[in-house]
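With this note's numbering applied, the sequence shown has no gaps in its numbers, which climb one by one up to 398 at the end. We treat Cβ as the ideally placed atom computed from N, Cα and C, and that holds for glycine. The model shown is predicted, which means the values in this text are computed figures rather than measured ones.
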Amino acid sequence: MKSVWDSAFGLLLITGILLGLTLPLGKLATANAVPPMLWAFMTSFGIGGVLLLVLFYRRHRLVMTGHKLRYYVIAAAISFAIPNFLIFSAIPHLGAGYTGIMFTLSPVVTLTLSILFGVRRPNLLGVIGIVIGFAGALLVALTRGEAGQPADLFWVLIGLLIPVFLAAGNIYRTIDWPTGTDAIELAVGSHLAAAAMLLGGLLFSSQAGSFGTLVEVPWLVLAQVVTGAAMFAFYFRLQAVGGPVYLSQIGYVGAAVALVSGTLFLGENYQLLTWAGAAIIVAGVFITTKAQRQTA
103 MKSVWDSAFG
113 LLLITGILLG
123 LTLPLGKLAT
133 ANAVPPMLWA
143 FMTSFGIGGV
153 LLLVLFYRRH
163 RLVMTGHKLR
173 YYVIAAAISF
183 AIPNFLIFSA
193 IPHLGAGYTG
203 IMFTLSPVVT
213 LTLSILFGVR
223 RPNLLGVIGI
233 VIGFAGALLV
243 ALTRGEAGQP
253 ADLFWVLIGL
263 LIPVFLAAGN
273 IYRTIDWPTG
283 TDAIELAVGS
293 HLAAAAMLLG
303 GLLFSSQAGS
313 FGTLVEVPWL
323 VLAQVVTGAA
333 MFAFYFRLQA
343 VGGPVYLSQI
353 GYVGAAVALV
363 SGTLFLGENY
373 QLLTWAGAAI
383 IVAGVFITTK
393 AQRQTA
């Protein structure tokens, strides 16, 4: 387990697979009348709560500082609250697999921001891998969703906002990471802050009465919380080991998992071009992984 905890590639695979599984779970939830904002709240609250129990079990001492509070609030908004709301809102219209493809655009935006802010510049091989992955993402995006069901342009644009927020979160968490702070502690604080924001949104939009819909899907709630908690435990560790650009590659793995699970279990149907694009994306992941090892 320790070898995986210290391996950027191992962390990338685990985190990406868990990310991909959250998308079909979100589609099933919205199909059972759970509002997207409520599902996003439940996700962050459940993840934060589970990881908080882990910290208590480890007898980890929590110390709040002004820096950590700032980090929690900003990271919560741009990394979790807003993008999760967009994701679960878009899934019923775009499909789990197609929404997952939007994650694959995150590395390009992350790379651009990373260069602008001087956080971490990948080598030439890393740039080539990202470009190849992006080419695959473009090929998939041109198919506009499921075969015979072209997605509405409005929801495609909403989906395109997802990688923008994810990339901004990747960069922010790196440049403002509180020195010496445990990764799980940051995950707890950020997710509980996101849950508070989303709860405020539910109350403001008069959706507080929708909590009863969660009672109708208890196994979905449990699966989402367990999957999400496991994912973010590895997610923050991957950020520390691999950096923001390498972290953004989880979108490639997550998109592939979402495509496969959406097709096998949710009856989603995608064109041959979509699968070809997914294969190109996988090639990009392997190239950037090799580049990461060279940099290390």
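Comparing alpha-carbon positions, which option in the options lies nearest residue i?
{"i": "Phe-143", "options": "Arg-172, Asn-371, Ile-273, Ile-189", "result": "Ile-189"}
{"i": "Ile-203", "options": "Ala-380, Val-387, Thr-390", "result": "Ala-380"}
{"i": "Phe-159", "options": "Ile-286, Trp-257, Gly-199", "result": "In the sequence as presented, Phe is not what sits at residue 159; that position holds Tyr. When each option's Cα is compared against that of Tyr-159, the closest is Ile-286."}
{"i": "Gly-369", "options": "Val-327, Leu-130, Val-323, Val-242", "result": "Leu-130"}
{"i": "Met-166", "options": "Ser-292, Gln-373, Thr-124, Leu-255", "result": "Ser-292"}
{"i": "Leu-114", "options": "Trp-377, Leu-340, Gln-373, Ala-378", "result": "Leu-340"}
{"i": "Gly-330", "options": "Thr-315, Gly-303, Val-290", "result": "Val-290"}
{"i": "Ile-184", "options": "Leu-140, Leu-349, Leu-375", "result": "Leu-140"}
Determine the direct distance from the alpha carbon of residue j to that of residue i, and round the result to whole angstroms.
{"i": "Leu-121", "j": "Gly-151", "result": "18 Å"}
{"i": "Pro-403", "j": "Ser-363", "result": "Given a span of 103 to 398 for the chain in the structure shown, any question on residue 403 remains unanswerable."}
{"i": "Ile-234", "j": "Ala-385", "result": "7 Å"}
{"i": "Pro-138", "j": "Val-319", "result": "14 Å"}
{"i": "Asp-254", "j": "Ala-133", "result": "18 Å"}
{"i": "Ala-239", "j": "Arg-161", "result": "43 Å"}
{"i": "Asp-108", "j": "Met-299", "result": "33 Å"}
{"i": "Ala-342", "j": "Ile-230", "result": "23 Å"}
{"i": "Ser-308", "j": "Val-323", "result": "22 Å"}
{"i": "Val-347", "j": "Ala-335", "result": "18 Å"}
{"i": "Phe-367", "j": "Gly-199", "result": "11 Å"}
With residue i as the anchor, note down where its alpha helix (DSSP H) starts and where it stops.
{"i": "Ser-363", "result": "352-367"}
{"i": "Met-204", "result": "198-205"}
{"i": "Pro-209", "result": "208-219"}
{"i": "His-293", "result": "285-306"}
{"i": "Pro-346", "result": "320-349"}
{"i": "Phe-236", "result": "226-244"}
Using DSSP with H/G/I as helix, E/B as strand and the rest coil, what is residue i?
{"i": "Trp-107", "result": "helix"}
{"i": "Val-136", "result": "coil"}
{"i": "Tyr-372", "result": "coil"}
{"i": "Ala-167", "result": "Residue identity differs from the one stated: residue 167 is Thr in this sequence, not Ala. The answer is coil: DSSP assigns Thr-167 none of H, G, I, E or B."}
{"i": "Tyr-195", "result": "The residue you asked about is not Tyr; residue 195 is His in the sequence shown. Reduced to three states, the DSSP call for His-195 is helix."}
{"i": "Trp-279", "result": "coil"}
{"i": "Thr-315", "result": "helix"}
{"i": "Arg-160", "result": "coil"}
Which whole-angstrom value describes the C-beta separation of residue i and residue j, a residue pair presumed to lie in contact below a C-beta threshold of 8 Å?
{"i": "Thr-201", "j": "Ala-192", "result": "5 Å"}
{"i": "Ile-383", "j": "Ala-357", "result": "7 Å"}
{"i": "Ile-180", "j": "Tyr-274", "result": "6 Å"}
{"i": "Val-211", "j": "Ala-296", "result": "Not confirmed; about 20 Å, so no contact."}
{"i": "Ile-232", "j": "Leu-213", "result": "6 Å"}
{"i": "Tyr-337", "j": "Thr-124", "result": "No, Tyr-337 and Thr-124 are not in contact; Cβ-Cβ is about 11 Å, not under 8 Å."}
CB of residue i to nearest heavy atom of the ligand NAP: below 8 Å?
{"i": "Thr-365", "result": "In the structure on display, the ligand NAP does not appear, and there are no ligands present to speak of."}
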